Amino acid sequence: MKVVLLAAGYATRLYPLTLTQPKPLLTVAGKPMIEYVLDNLAPVGGIERVYVVTNAKFAGHFQKWADGYRASKSDLGFTIVNDGSTDDTNKLGAIGDLHLVITREKVDDDLVVVAGDNLFSESLGAYGGFCRSKRAPVLGIYDVGSLEQAKKYGVVDLDGEGRIVRFEEKPKQPASTLIGIALYYYPKNVVPLIKQYITEANNPDQPGRLVQWLYPRTPVYTWTVPGLWYDIGSKETLEEANRIFARR
1 MKVVLLAAGY ATRLYPLTLT QPKPLLTVAG KPMIEYVLDN LAPVGGIERV YVVTNAKFAG
61 HFQKWADGYR ASKSDLGFTI VNDGSTDDTN KLGAIGDLHL VITREKVDDD LVVVAGDNLF
121 SESLGAYGGF CRSKRAPVLG IYDVGSLEQA KKYGVVDLDG EGRIVRFEEK PKQPASTLIG
181 IALYYYPKNV VPLIKQYITE ANNPDQPGRL VQWLYPRTPV YTWTVPGLWY DIGSKETLEE
241 ANRIFARR
């Protein structure tokens with residue numbers, strides 16, 4: 001199994017904090033966000049390599065971090081993939097970046113794809129077991145508890161077996177508060193569909209759009225993320241996460 005960690009954004013809403021530091025390397029309660037992702041993914045087991053896809057501005061930052069992280073607490077292999085972008089005007093988009101990693105690095109394996117600015121409080125070990133049992137795409141989901149909050153995300157409707165029957169990206173009137181988050185499992189046999197998505201010139205940004213395109217073509221299951229989950233998109237959310245995680 002391989003992990004693709006999406007970290008090529010410029011996080012302009014967090015300026016000036018992210019002018020000289022990529023968002024996933026900002027600290028929450030003294031620990032870089034990216035380490036909450038990887039520490040909680042580690043119990044999944046069987047992860048052979050982590051691809052961190054980022055931009056030309058921050059590739060060096062991630063390489064320095066990866067060297068330190070591996071030396072101190074992890075035997076994971078890291079590859080930093082520079083997508084060549086320099087700002088929001090020439091970025092590839094999250095799905096474009098995923099496709100870049102698959103093609104440039106010749107990835108032919110089961111994939112876990114996760115955004116580097118997700119903040120998880122609990123182990124994702126059970127996610128790995130669930131994905132292996134389904135052998136089908138699996139989307140991490142979370143109940144944000146607010147229809148207003150749900151408007152910012154992809155809202156899902158499920159059948160009795162937890163499969164997606166409807167996915168709406170950033171709805172104006174959400175049907176529920178259950179959202180898809182940037183945690184995806186794509187088994188090896190589904191990876192070619194990611195290439196097809198890009199080849200057909202679909203929107204390469206917002207990774208949820210790939211799920212929206214995928215679920216009518218093949219069953220996509222869901223797994224509820226335990227504990228706390230934060231999507232750090234603003235200074236206010238970052239401050240709140242710092243307060244909450246500092247107490248834990």
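Letter by letter, the sequence shown follows residues 1 to 248 in my numbering. Here a beta-carbon is modelled for each residue, glycine too, at the ideal position from N, C-alpha and C. Predicted model only: the values in this text are computed from it and were never measured.
Where do the N-terminal and C-terminal ends of the alpha helix (DSSP H) with residue i fall, by residue?
{"i": "Ile198", "result": "Val191 to Thr199"}
{"i": "Gly128", "result": "Gly125 to Lys134"}
{"i": "Asn118", "result": "Not the alpha helix (DSSP H): Asn118 falls in the beta strand (DSSP E), residues Asn118 to Phe120."}
{"i": "Leu19", "result": "Counting along the chain, Leu19 falls outside any alpha helix (DSSP H), and DSSP gives it neither H nor E."}
{"i": "Thr103", "result": "Ala94 to Arg104"}
Compare the Cα-Cα distances from residue i to each of the options and report the closest residue.
{"i": "Asn250", "options": "Lys57, Tyr185 and Glu122", "result": "In the structure displayed, the chain extends from 1 to 248; residue 250 sits before or after that span and is not available."}
{"i": "Asp109", "options": "Ser123, Ile181 and Arg132", "result": "Arg132"}
{"i": "Leu19", "options": "Asp88, Gly46, Lys134 and Val37", "result": "Asp88"}
{"i": "Leu14", "options": "Arg248, Glu236 and Asn242", "result": "Glu236"}
{"i": "Leu17", "options": "Arg247, Arg248, Phe245 and Gly233", "result": "Gly233"}
{"i": "Gly116", "options": "Val190, Ala136 and Pro32", "result": "Pro32"}
{"i": "Val107", "options": "Tyr215, Ala246 and Val4", "result": "Val4"}
{"i": "Lys152", "options": "Pro192, Trp229, Ala136 and Lys170", "result": "Lys170"}
{"i": "Phe245", "options": "Thr27, Lys23, Gln21 and Tyr10", "result": "Thr27"}
{"i": "Lys36", "options": "Tyr230, Glu239 and Arg247", "result": "Before going on, a small fix: residue 36 reads as Tyr here, not Lys. Checked all of Tyr230, Glu239 and Arg247; the closest Cα to Tyr36 is Tyr230."}
{"i": "Lys64", "options": "Pro22, Ala136 and Pro137", "result": "Pro22"}
{"i": "Val138", "options": "Lys172, Gln149 and Val191", "result": "Val191"}
From which residue to which residue does the beta strand (DSSP E) around residue i run?
{"i": "Val112", "result": "Leu111 to Ala115"}
{"i": "Phe167", "result": "Ile164 to Glu169"}
{"i": "Tyr51", "result": "Arg49 to Thr54"}
{"i": "Lys2", "result": "Lys2 to Leu6"}
{"i": "Thr237", "result": "Element bounds for Thr237: not the beta strand (DSSP E) but the alpha helix (DSSP H), Lys235 to Arg247."}
Grab me the residues of residue i's own chain with a C-beta within less than 6 Å of its C-beta, minus the 5 sequence neighbours each way, in chain order.
{"i": "Thr54", "result": "Ala7, Ala8 and Phe62"}
{"i": "Asn96", "result": "In the sequence as displayed, the identity of residue 96 is Gly instead of Asn. Excluding residues within five positions, the ones whose Cβ falls inside 6 Å are Pro204."}
{"i": "Gly227", "result": "Ser121 and Glu122"}
{"i": "Ile181", "result": "Gly140 and Tyr142"}
{"i": "Ala11", "result": "Thr18 and Lys23"}
Starting from the C-beta of residue i, find all residues in its chain whose C-beta is less than 7 Å away, skip the five residues before and the five after it, and write them out in chain order.
{"i": "Phe78", "result": "Val50, Val52, Ala66 and Arg70"}
{"i": "Ala59", "result": "Ile80 and Asn82"}
{"i": "Asp159", "result": "Val165"}
{"i": "Ala94", "result": "Leu6, Asp205, Gln206 and Pro207"}
{"i": "Ala29", "result": "Asn242, Phe245 and Ala246"}
{"i": "Lys134", "result": "Tyr221"}
{"i": "Gly84", "result": "Ala56"}
{"i": "Arg104", "result": "Val81"}
Tell me which same chain residues have a C-beta within less than 8 Å of the C-beta of residue i, skipping the five on either side of it?
{"i": "Gly45", "result": "Gly125 and Gly128"}
{"i": "Ala175", "result": "Val155, Asp157, Arg166 and Glu168"}
{"i": "Val101", "result": "Val4, Tyr51, Val53, Val81 and Val107"}
Assuming residue i contacts residue j under a Cβ cut-off of 8 Å, what Cβ separation, rounded to an integer in Å, is found between them?
{"i": "Leu41", "j": "Val112", "result": "7 Å"}
{"i": "Ile34", "j": "Pro24", "result": "4 Å"}
On the three-pair Cβ rule with 8 Å, is the region 161-176 touching the region 208-220? yes
Given 8 Å, three or more beta-carbon pairs between the region 183-198 and the region 69-79: Output reads no: the region 69-79 does not touch the region 183-198.
Indicate whether the contact test is met: 3 or more Cβ pairs, each with one atom in the region 139-153 and one in the region 192-201, closer than 8 Å. no
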